[in-house]
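The structure appears below as structure tokens.
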Amino acid sequence: MNSVLMLVKGALELGLIGSITVLALFLSYSMLNVCDLSTDGCFTLGAAVGASVAIAGYPYLAILAALAAGCASGFLTAILQTKCGINSLLSGIIVNTGLYSVNIAVMKQASVLNLNKVETVFSKAKDLLRGTVFFDYSKIFVILLFVLAVAVFLYFFLRTKLGLAIRATGNNPDMVRSSSVNPHFTTIVALCISGAITALSGSLLAFYNQSANIDIGTGMVTVALASLLIGQVFLGKKKLSLRLVGTVLGAFVFRLVYTVALRFRMPAFMLKLVSAIVVFLAIAAPYLIAALKERKARHDRVLARKKEKTV
Amino acid sequence: MTDSMLLLKNVKKTFRPGTPDEKTALDGLSLDVKRGDFISIIGANGAGKSTLFGAIAGSFLTDEGDILLDGEDITFMPEHKRAKVIGRLYQDPMRGTAPEMTVEENLALAAGNGSWFSTVSKKEKAEFRDRVRILGMGLEDRMEHPVGLLSGGQRQALTLMMATYHPPKILLLDEHTAALDPLTAEKVIEITKRTVEENGLTCLMVTHNMQMALDMGNRTVMMHRGKILLDVSGEERKNMSVSDLTERFRTLSGSSLNNDRMLLDE
Chain A
195 MNSVLMLVKG ALELGLIGSI TVLALFLSYS MLNVCDLSTD GCFTLGAAVG
245 ASVAIAGYPY LAILAALAAG CASGFLTAIL QTKCGINSLL SGIIVNTGLY
295 SVNIAVMKQA SVLNLNKVET VFSKAKDLLR GTVFFDYSKI FVILLFVLAV
345 AVFLYFFLRT KLGLAIRATG NNPDMVRSSS VNPHFTTIVA LCISGAITAL
395 SGSLLAFYNQ SANIDIGTGM VTVALASLLI GQVFLGKKKL SLRLVGTVLG
445 AFVFRLVYTV ALRFRMPAFM LKLVSAIVVF LAIAAPYLIA ALKERKARHD
495 RVLARKKEKT V
Chain B
53 MTDSMLLLKN VKKTFRPGTP DEKTALDGLS LDVKRGDFIS IIGANGAGKS
103 TLFGAIAGSF LTDEGDILLD GEDITFMPEH KRAKVIGRLY QDPMRGTAPE
153 MTVEENLALA AGNGSWFSTV SKKEKAEFRD RVRILGMGLE DRMEHPVGLL
203 SGGQRQALTL MMATYHPPKI LLLDEHTAAL DPLTAEKVIE ITKRTVEENG
253 LTCLMVTHNM QMALDMGNRT VMMHRGKILL DVSGEERKNM SVSDLTERFR
303 TLSGSSLNND RMLLDE
């Protein structure tokens, strides 16, 4: 395989794994309108739980365990913000902080779990495809399967009555209450699901890297937000199906740009700074442009008035 | 089956008790709303009209008293549960709908048919379209548009339809046309009248427009300092003019309506 193709393939694999977290944020951030800052810890939790169960010899159960752990983490974040009166940002930060200790405990007080000789969904797929032409692409197949499963699930889920109620909760909680739905309930459901999806993404990255690291999720929320906002630029905010595709595409494009930047000797540790700047630009740009326009308009009218006076 | 639809007995509510901002909004209010009543409620700002609606809809727990809806004690029932049988509209047309969701999706939530995991069926979509066509506001051609793109009048008409999709036991209208331009307001009033009539709804309507208070419904209630000051219906109400109403207020409350928004609307 030539090096460009390898580059794209690597970006595709990592981008797609990341896109699962971006899909989780699509649910919590774009639909429920909650910026879930427990994403980093939840991602690591998925990696830690998934790796531990895989090491114990259960490659498939590892996926389910990661989903369940993420769901529990999302549930906790939701309870803090709905039943305990804690602001949604702070709820995420509290859970995120607590999860750091939980994650180290799950990893039996190590900061890295090595999965080199451990069976995972990736090694299983490799065994399955050995000798076929698809052998080189076994990783992509596995990842694509999960991305598709999550995207299709969200597509159908968000069109159900429960999905509509979740969207309305993010849009106008008053209206949800008057439709005789408890917005606490919808918030809890949405955060459980997004937590589970985030942890799934974390476990897949651990299996892909063949190691789970305590820092594996650090900055994930910003990276995922950057991808989400890039995706919006591509396919807009109209149809649900397009938005979901845009979300996945955004994650891939973000990863690709980053990979190319690495080729041009950008040091790897710059990833987080780049994602921070992308999020900053995507959210601040419309505001800054409007502010600049008003400033210019003001300036122009002051000049015009001065001219009038001198004439 | 009693002929009383909503019964409030000695309801009290004080906000921020024990602070310098303490405000007694409902001061032992009692009201018996008969089945099929359409009551217009008037009163100065701060008289407790919106608080009364809040107490009925369950936005907060009252301090004292009982609230019975169709014979059932709902005093301690949470707001979202009461919402099944209580429809409520606010002055702000933005408040009753989700702006980023389409007309159809908003209606699907209000209709609440089917299980949590069902999607909106073709049959439902057709039903929604038929229903909004009756409003005569051109909404049937905008079913797939986000509600945020509609005008205030369209949104308020839609909210009214959502609140009455399953006819509620009681409909609470809190100055629901006050934020609309006069022509649109007239249209929404007409839709309101028709909806209430066709479904035989029991309805409470807060208004600052004294003429409208006398023209609409079968009963008019005037609130003052968290109590009901005046309750007129039948022949007495039929022969009443706006100036009679203000005169009655003056003698009963011992204060005049000067400096109040009510006079501006005369």
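Each protein sequence line maps, in turn, to chains A and B.
The end of the first sequence is residue 505 by our numbering, with every number in the run present.
The end of the second sequence is residue 318 by our numbering, with every number in the run present.
Backbone N, C-alpha and C define an ideal beta-carbon position, used for all residues, glycine too.
Note that the structure is a prediction, hence the values are computed from the model and not measured.
- Non-local C-beta neighbours of G100 of chain B in its own chain, meaning closer than 6 Å and more than five positions away in sequence, comprise A77, L78, M275, G278, ordered along the chain.
- At a cut-off of 3 residues, the continuous stretches assigned as beta strand (DSSP E) that sit fully inside the region 254-289 of chain B are 255-258, 271-276, 279-285.
- Excluding the 5 residues flanking it on each side, L223 of chain B has same chain C-beta neighbours closer than 6 Å at G139, L253, C255, in chain order.
- Contact annotation: in the region 125-148 of chain B, residues whose CB is within less than 7 Å of a CB in chain A are E131, H132, K133, A135, K136, R140, R147, G148.
- For N281 of chain A, the CB contacts under 8 Å within the same chain, skipping 5 residues up- and downstream, are Q275 in chain order.
- Residues of the region 190-209 of chain B with a C-beta less than 7 Å from any C-beta of chain A: none at all.
- Excluding sequence positions up to five before and after R183 of chain B, its CB lies within less than 7 Å of the CB of M213, all in the same chain and listed in chain order.
- Within the region 346-368 of chain A, contact with chain B at the beta-carbon level (separation under 7 Å) is assigned to R353, T354, K355, L356, L358, A359, R361, A362, N365, N366, D368.
- Residues are counted here when their Cβ sits less than 9 Å from a Cβ of chain A; for the region 244-266 of chain B the count is zero.
- Neighbours of N376 of chain A in chain B, taken as residues whose beta carbon is under 7 Å from its own, are H132 in chain order.
- The Cβ-Cβ distance between G240 of chain A and R449 of chain A does not fall below 8 Å.
- Of the candidates A:G292, A:A262, A:A393, A:Y481, A:A393 places its Cα closest to the Cα of G411 of chain A.
- Closer than 8 Å to the CB of S421 of chain A there is not a single CB belonging to chain B.
- For R140 of chain B, the uninterrupted beta strand (DSSP E) segment begins and ends at 138-141.
- In this structure, DSSP gives P253 of chain A a helical state, which the three-state scheme calls helix.
- In this model, S173 of chain B and V447 of chain A are separated by some 36 Å (Cα to Cα).
- Against chain A, the beta carbon of T103 of chain B has no neighbour under 8 Å; the closest one sits roughly 17 Å away.
- The C-alpha of F474 of chain A is placed about 17 Å away from the C-alpha of L486 of chain A.
- Taking a C-beta distance under 8 Å as the contact criterion, L422 of chain A and T441 of chain A qualify as a contact pair.
- P234 of chain B carries a helical assignment under DSSP once its states are collapsed to helix, strand and coil.
- When DSSP reads this structure, P198 of chain B sits in a beta bridge with B:T154.
- Against chain B, the CB of S373 of chain A has a partner CB under 8 Å away; the residue lies at that interface.
- According to DSSP, residue pairing for A406 of chain A in a beta bridge involves A:L307.
- DSSP, read as helix, strand or coil, puts A135 of chain B in coil.
- F169 of chain B counts as exposed, since fewer than 16 other beta carbons sit within 10 angstroms of its beta carbon.
- When A:I408, A:V496, A:A245 are compared, the shortest CA-CA separation from S305 of chain A is found for A:I408.
- Nearest to L356 of chain A by alpha-carbon distance, out of A:R371, A:A384, A:V344, A:R492, is A:A384.
- Separation of D283 of chain B and A262 of chain A (C-alpha to C-alpha, rounded to the nearest whole angstrom) is 60 Å.
- In chain A, no part has a C-beta under 7 Å from the C-beta of S173 of chain B; the shortest such distance is about 11 Å.
- Interface flag for G286 of chain B against chain A is unset, since no Cβ pair is found closer than 8 Å.
- In the structure shown, the three-state DSSP call for S374 of chain A is coil.
- In this structure, A:S232 is the residue among A:S232, A:K311, A:A250 with its C-alpha nearest to the C-alpha of L293 of chain A.
- Listed in chain order, the non-local C-beta contacts of Y217 of chain B below 6 Å within the same chain comprise A162, A163, local neighbours out to five positions each way being set aside.
- For D494 of chain A, the enclosing alpha helix (DSSP H) stretches over residues 465-504.
- DSSP, read as helix, strand or coil, puts M129 of chain B in coil.
- G106 of chain B is outside the set of residues whose beta carbon lies under 8 Å from a beta carbon in chain A.
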